[in-house]
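Protein chains: 2
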Amino acid sequence: MSDRNRIIELIAGEDSFNLISHMLPDGDSIGSLLAMGRTLEKLGKNIQLFAPGRIPLKYRFLNRADLISPDDAAFDSSRPVFVLDSSDADRLGSFKEKVLASPKLINIDHHVTNQRYGTLNYVDPEASATGEIVFDILQALRIDLDFELAEALYVAISTDTGSFKYDNTTPHTHTVVARLLQTGVSPGVLSQKIFDERPLSFYILLKEALSSLEMYFNRTLAIMTISKDIRIRSGASTDDLDGIVNYTRNIEGVELGILFYVEQENEVKVGFRSKRLDVSVLAGKLNGGGHVRAAGCRMHGSFEAVKEKVLAESFLMLADLPTGGAN
Amino acid sequence: MSDRNRIIELIAGEDSFNLISHMLPDGDSIGSLLAMGRTLEKLGKNIQLFAPGRIPLKYRFLNRADLISPDDAAFDSSRPVFVLDSSDADRLGSFKEKVLASPKLINIDHHVTNQRYGTLNYVDPEASATGEIVFDILQALRIDLDFELAEALYVAISTDTGSFKYDNTTPHTHTVVARLLQTGVSPGVLSQKIFDERPLSFYILLKEALSSLEMYFNRTLAIMTISKDIRIRSGASTDDLDGIVNYTRNIEGVELGILFYVEQENEVKVGFRSKRLDVSVLAGKLNGGGHVRAAGCRMHGSFEAVKEKVLAESFLMLADLPTGGAN
């Protein structure tokens with residue numbers, strides 16, 4: 004029996020569910036959480052929504068986003084739990100032990116690195132977003148697609164595909180989104196919220212990041228560096244760092260973009276972006292992980308030592324790249 | 004008989020065609036021109052491609068983009084002509100008279116303002132891009148969709164929808180793009196070329212622009228200032244200024260964004276961007292013009308005098324804005 008059918012069977016046999024997604028909630032984790040929750044509600048189930056972390060302001064317009072609880076004390080381990088978009092249980096933060104203690108753990112994800120820690124695992128690395136998998140589940144359950152579901156799933160899929168720009172976007176992705184738009188959701192309204200608008204503090208931080216820009220390896224490697232001090236002085240949140248790292252890749256001729264965020268002495272968060280390189284491999288070598296074109300790791304040691312180590316691995320990778328360029 | 008069927012009938016009865024699109028070629032005009040040309044070639048027709056203007060660098064990777072001629076002397080008026088994506092004949096520049104002298108003019112467009120100046124007019128304002136209409140034509144002609152056609156049409160549609168972010172994006176748009184991706188075209192490679200990549204000099208200029216950022220009128224007005232000196236020192240081109248001005252508008256809470264470009268003593272180019280305001284009216288008051296959300300003017304006088312005058316008009320406009328915000 005397929006994973007999907009096992010999940011459908013399990014849903015039919017239970018009345019109440021917890022749902023949770025990963026730390027540092029993003030559009031896909033929040034959108035797929037809300038859509039899976041609403042799907043279960045439409046089947047008459049009791050649900051409770053959790054996330055180990057604050058919901059970023061830009062996603063709070065989503066219906067019921069305010070019902071997502073960050074409180075692990077409220078998590079009842081006797082219920083079956085859906086875990087959305089989380090490649091491993093460590094990404095559940097302080098909820099980890101309680102989630103793993105649940106009698107039935109349904110792990111729904113699209114990360115190729117998923118650790119299959121569930122009692123049921125529905126992992127489809129071909130899906131552009133976990134939201135795309137949730138769409139397939141609700142279709143299989145013959146749930147009527149309404150505006151609220153469509154908004155949540157649109158946010159999930161458009162976030163993880165960079166508005167359909169990344170190569171994880173498939174024909175199926177567009178076919179799903181065609182269905183979502185039929186409910187009347189507005190791509191204009193949603194995209195403005197998700198992508199274009201940023202707080203003033205973001206642009207102050209961007210100025211600082213651009214001032215730190217260094218180019219290496221015949222201008223195929225771009226590096227920006229931000230310290231926690233500078234971030235705080237800019238008034239920017241840690242959410243804003245995600246937007247900054249993309250700028251490294253957007254420079255013409257750059258194959259690998261890196262953002263160093265010096266969080267404290269001897270602790271550096273490193274973000275990788277690429278056009279053709281598989282940066283999940285690079286991050287993996289440094290005990291991190293992520294996607295093919297967007298990955299990261301956390302490293303210990305002085306900034307200079309961390310930077311030297313990352314540069315060495317990066318140069319090895321860039322040296323292997325066939326010439327010809329992405330352009 | 005439908006416009007589409009009349010066009011199919013006309014194609015069957017002719018051997019040679021000219022094809023042309025509008026001045027200041029963009030992704031949709033170039034993509035729909037190339038795709039319509041290739042469609043006719045696949046039917047065994049002779050074709051010649053024209054555009055009244057230079058093809059921007061970022062679109063020149065498209066197959067046969069180098070065959071598009073800007074030379075009106077080479078245009079043979081005895082052939083039937085396809086005109087793509089041009090709302091009126093004035094947009095054909097120096098080609099206008101020769102195009103209008105053609106015995107058969109097939110006008111294919113999606114602008115609601117189209118003047119229907121053809122002998123056949125296939126105008127569909129519901130289509131997100133002229134490329135979407137060309138897709139429908141080649142489907143009706145049972146043309147096999149190949150990689151080259153799909154790349155051209157992807158560029159056309161993704162450009163005019165801002166990568167599916169604008170509200171002209173419909174379920175049909177996504178259904179068409181699902182088909183395009185089935186040919187193996189890469190949304191990642193194409194989107195990077197169309198949207199994200201900019202030269203290093205652009206980001207150096209952006210840093211300078213962000214350093215000049217001033218906020219007025221309760222942070223609803225954002226102003227950046229660049230001098231010609233700074234632009235040249237950054238290594239940036241005047242094209243790069245277009246990208247910079249958009250940053251003023253993308254700041255949360257900003258209703259009006261302005262870029263002052265001090266071209267020389269006593270000459271200032273002013274760019275306006277807005278979320279809800281009609282900046283074509285604002286630019287008009289200052290002897291400029293443009294679109295509702297993007298306009299500009301050129302002013303004479305000292306920078307200080309120009310800035311005072313622009314601020315005064317801007318404040319009047321912002322004071323009239325209903326509260327509630329664009330968010």
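Top line first, the protein sequences correspond to chains A and B. My numbering numbers the first residue of the first sequence as 4 and each following residue consecutively. My numbering numbers the first residue of the second sequence as 4 and each following residue consecutively. Cβ coordinates follow ideal geometry from the N, Cα and C atoms, glycine included.
Check                                                                                                                      : Outcome
G293/B beta carbon less than 8 Å from that of V282/B                                                                       : yes
Short CB-CB distance (under 8 Å) between R201/A and chain B                                                                : yes
Short CB-CB distance (under 8 Å) between H177/A and chain B                                                                : yes
7 Å Cβ shell around D29/A - same chain, five flanking residues per side excluded                                           : T162
Residue from G121/A, E268/A, L152/A with nearest C-alpha to E135/A                                                         : L152/A
Contacting residues, own chain, Cβ-Cβ under 8 Å from Q118/A (five flanking each side not counted)                          : S90, D91, A92
Nearest to A298/A (by Cα), restricted to the options L262/A, Q267/A, F318/A                                                : L262/A
Cut-off 8 Å between Cβ atoms - residues of its own chain near L289/B, not counting five sequence neighbours on either side : V273, C300, M302, K312, V313, E316
Bridge partners - H303/B, DSSP secondary structure assignment                                                              : E270/B
First through last residue of the alpha helix (DSSP H) which encompasses Q142/B                                            : 133-143
Residues sharing a beta bridge with L108/A, DSSP                                                                           : V84/A
Backbone CA spacing between F331/B and L13/A [nearest angstrom]                                                            : No information on residue 331/B is available, as it lies outside the stretch 4 to 330 that chain B covers here.
Three-way DSSP call (helix, strand, coil) for A308/B in this model                                                         : helix
Of the residues V257/A, I207/A, A159/A, the one placed nearest N219/A, counting alpha carbons only                         : According to the sequence shown, residue 219/A is Tyr rather than Asn. Out of V257/A, I207/A, A159/A, V257/A has the C-alpha closest to the C-alpha of Y219/A.
Separation of D147/A from I23/A, as counted between CA atoms                                                               : 23 Å
Interface partners of E151/B on chain A, CB under 9 Å                                                                      : Neighbours of E151/B on chain A: none; closest Cβ ~18 Å, over 9 Å.
Terminal residues of the beta strand (DSSP E) in which E217/A lies                                                         : 217-219
Which listed residue (V271/A, E200/A, V158/A) has its alpha carbon closest to that of A68/A                                : V158/A
Same chain only: Cβ atoms within 6 Å of K402/A, ignoring 5 sequence neighbours per side                                    : The displayed coordinates of chain A run from 4 to 330. Any statement about residue 402/A would go beyond what the structure contains.
Residue nearest to A38/B in terms of C-alpha spacing, selected from A76/B, Q142/B, L123/B                                  : Q142/B
Whole-angstrom C-beta distance between V86/B and V102/B, which should lie under 8 Å                                        : 6 Å
Close-in-space but distant-in-sequence residues of the same chain around A329/B (CB under 6 Å, 5 per side omitted)         : Low local confidence applies: a pLDDT of 40 at A329/B is under 50, so the model's placement there is unreliable, with the coordinate-based value given in what follows. Only K278, R279 meet the Cβ criterion.
Selection from G246/A, K231/A, S237/A, P190/A that minimises the alpha carbon distance to V271/A                           : K231/A
Chain A contact for P128/B (CB, 8 Å cutoff)                                                                                : no
Residues near D88/A in its chain [Cβ-Cβ closer than 7 Å; skip 5 each side]                                                 : S24, H25, D31, S32, S35, D112, T133
Residue range of the beta strand (DSSP E) that includes F53/A                                                              : 49-53
Proximity of K48/B and S19/B at Cβ, strictly below 8 Å                                                                     : yes
Cut-off 6 Å between Cβ atoms - residues of its own chain near R296/A, not counting five sequence neighbours on either side : S277
C-beta atoms of E129/B and T172/B nearer than 8 Å                                                                          : no
Residue from R94/A, A54/A, A76/A with nearest C-alpha to L70/A                                                             : A54/A
Chain B within 8 Å of V271/A, Cβ atoms only                                                                                : no
Beta-carbon neighbours of Q185/A, restricted to chain B and to distances below 8 Å                                         : P174
As assigned by DSSP and simplified to three states, the class of A239/B                                                    : coil
Length at least 3, wholly inside the stretch 157-242 of chain A: the beta strand (DSSP E) runs in chain order              : 217-219, 224-230
Simplified DSSP assignment, three categories, for F263/B                                                                   : strand
Neighbour flag for F85/B against chain A, beta carbons, 8 Å                                                                : no
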